[in-house]
Amino acid sequence: MTLTQQKEALTAKLIRLQQAHEETKEGDEKNRSTLALSAWRATAARQKELRREAEALQQKLKEAVWCQSAVIQNLNVTLQQSLSNRPVKRLTSVDGQESGTKAKSALFNVLMGELNALYAETGDLVRGARCEFQRPDVNKMRRKWNQDRSLLRSTVATIVPADFERTWRALSLILLSDDSGIHYTGKIVDPENTIVMTYQQTFSLKSGKTATSVVYYAARRYIEENRVVFVWRVLNEGHGEFASLLSNEHAWLVISHFASTQTLLESYSRLMPIGMGDTSLRDGSRLDQFVQHLLKADEAEINDVNLAMERLLSQKHTDDDNKCD
Numbered sequence: 000m001t002l003t004q005q006k007e008a009l010t011a012k013l014i015r016l017q018q019a020h021e022e023t024k025e026g027d028e029k030n031r032s033t034l035a036l037s038a039w040r041a042t043a044a045r046q047k048e049l050r051r052e053a054e055a056l057q058q059k060l061k062e063a064v065w066c067q068s069a070v071i072q073n074l075n076v077t078l079q080q081s082l083s084n085r086p087v088k089r090l091t092s093v094d095g096q097e098s099g100t101k102a103k104s105a106l107f108n109v110l111m112g113e114l115n116a117l118y119a120e121t122g123d124l125v126r127g128a129r130c131e132f133q134r135p136d137v138n139k140m141r142r143k144w145n146q147d148r149s150l151l152r153s154t155v156a157t158i159v160p161a162d163f164e165r166t167w168r169a170l171s172l173i174l175l176s177d178d179s180g181i182h183y184t185g186k187i188v189d190p191e192n193t194i195v196m197t198y199q200q201t202f203s204l205k206s207g208k209t210a211t212s213v214v215y216y217a218a219r220r221y222i223e224e225n226r227v228v229f230v231w232r233v234l235n236e237g238h239g240e241f242a243s244l245l246s247n248e249h250a251w252l253v254i255s256h257f258a259s260t261q262t263l264l265e266s267y268s269r270l271m272p273i274g275m276g277d278t279s280l281r282d283g284s285r286l287d288q289f290v291q292h293l294l295k296a297d298e299a300e301i302n303d304v305n306l307a308m309e310r311l312l313s314q315k316h317t318d319d320d321n322k323c324d
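When the letters of the sequence shown are read in order and numbered with numbering that gives the first Met the number 0, they come out as residues 0 to 324.
Written out as structure tokens, the structure reads:
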């Protein structure tokens, strides 16, 4: 091969290499452009998703604020009625003219409207809580303050030596058949498993005076295959010496099949005391006294449950003795 031919061959090879280099460069730029476009699309999609989540959260917050506003508004109406010495003896009346009926109905509807949401929290609540176990003959509500003393919590569990069916039916009689108060006669969703009522508590103070509170109570039962769940919402409004003081409570009772002759009871509650214009929880303050009397009221209510459990266990022992005979 002559020098001229070698030159032409090398020139052609150089041209091919240059073309290949340009094509590779264009491909790299195209790939970078594609990657940049993909990254932009991913970022845009994520921003859109975050915006939707923010909008959904904002809507939930608006609904929560609306519900809480309704509760506060209705409690204020009730408080004003109490201060003006116009006691309400019934929640409804034939002529529909009774003062405060609409306000109380709205309040009860807010409480009932929260029950299904509380039930939906049961699974996460049971998985995340660490219960304090106690013997069935020492059934107490052990409320403890959170770190900043804004909330009282209770997580208690016990194993009852009685079968699941008998246990939840006995407790249903206590929790859904209370005749100590005034039952709401308006529209109730799932009335067979729901109780909505109000009742009054009276407290004796160290000063010799008495104070009262009005309790607004809504509870519902949810029956599953091997578990029965009770949830309730309670608002407690102070009167007299405890005027302008409130407590707001969410609670759960989970009754589960444990063994053929044993049942697991798990109790969870969150109680928030609220002092309108008197937020101090120092020893001896009005709000502190209010909380102490609420804890005493807990003991009285737990006594009712204990009596039911005693009857349940005594009946079980009687049945066992009859079987032995």
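Backbone N, C-alpha and C fix where the C-beta goes; we use that ideal spot for every residue, glycine too.
Would you check if the distance between the CB atom of R220 and the CB atom of L175 is smaller than 9 Å?
Cβ atoms of R220 and L175: closer than 9 Å.
Based on DSSP bridge pairs, tell me the residues matched to M271.
Bridge partners of M271: N247.
Using C-beta distances below 8 Å, list every residue in its chain close to I187, excluding the 5 sequence neighbours before and after it, in chain order.
Correct list, in chain order: M111, T193, V195.
At the level of alpha carbons, what is the spacing between W39 and Y118?
Cα to Cα, the separation comes out at about 42 Å.
In the DSSP output, what is M196 paired with across the bridge?
DSSP, once it has assigned bridges, lists H182, Y216 as partnering M196.
Suppose the cutoff is 6 Å on Cβ atoms and the five residues either side in sequence are ignored; what does the same chain contact list for S255 look like?
Cβ neighbours of S255 beyond the five flanking positions: R226, L263.
From L204 to V290, what distance separates their C-alpha atoms?
Answer to the nearest angstrom: the Cα atoms are 13 Å apart.
Return the CA-CA distance between G207 and L150, expressed in angstroms with no decimal places.
Between G207 and L150, the C-alpha separation is close to 29 Å.
Could you check where the beta strand (DSSP E) with G237 kicks off and where it finishes?
Element bounds for G237: 226-238.
Measure how close the beta-carbons of L124 and W251 come, nearest whole angstrom, since I'm counting them as under 8 Å.
That pair is a contact at about 6 Å.
Three-state secondary structure (DSSP) at Q288?
Q288 falls in the helix class under three-state DSSP.
Give the single residue among Q17, R45, A128 whose Cα lies nearest to the Cα of Y267.
The shortest C-alpha separation from Y267 is found at A128.
Starting from R152, follow its DSSP beta bridges and name the residues at the other end.
Answer by DSSP bridge pairing, in chain order: K143, R269.
Considering only residues of the same chain and omitting the five flanking positions on each side of D147, which have a CB-CB separation below 6 Å?
Nothing meets the Cβ criterion.
When you compare each of E7, E309, A8 to L170 by their alpha carbons, which one comes out closest?
When each option's Cα is compared against that of L170, the closest is E309.
Would you mind working out which of E223, Q46, E236, D297 sits nearest E164, comparing C-alpha positions?
For E164, the nearest C-alpha among the options comes from E223.
Is the CB-CB distance between K103 and Y216 below 9 Å?
No. Outside cutoff.
Tell me whether Q18 sits in a helix, a strand or coil according to DSSP, three-state version.
Here Q18 sits in helix by DSSP.
For F107, report the span of its alpha helix (DSSP H) as first-last.
Note, F107: alpha helix (DSSP H), 100-112.
Within 10 angstroms of the Cβ of S212, are there 16 or more other Cβ atoms? Answer buried if so, exposed if not.
Per the 10 Å Cβ criterion, buried.
What first and last residue would you give for the alpha helix (DSSP H) that runs through S171?
S171 -> alpha helix (DSSP H) spans 163-175.
Using the Cα positions of K12 and R45, report the straight-line distance between them to the nearest angstrom.
The straight-line gap from Cα to Cα measures roughly 49 Å.
In the DSSP assignment, the alpha helix (DSSP H) including T121 goes from what residue to what residue?
Taken as a continuous stretch (DSSP letters only), the alpha helix (DSSP H) holding T121 covers 121-127.
How big is the Cα-Cα spacing for L306 and K101?
L306 and K101: Cα-Cα distance of roughly 37 Å.
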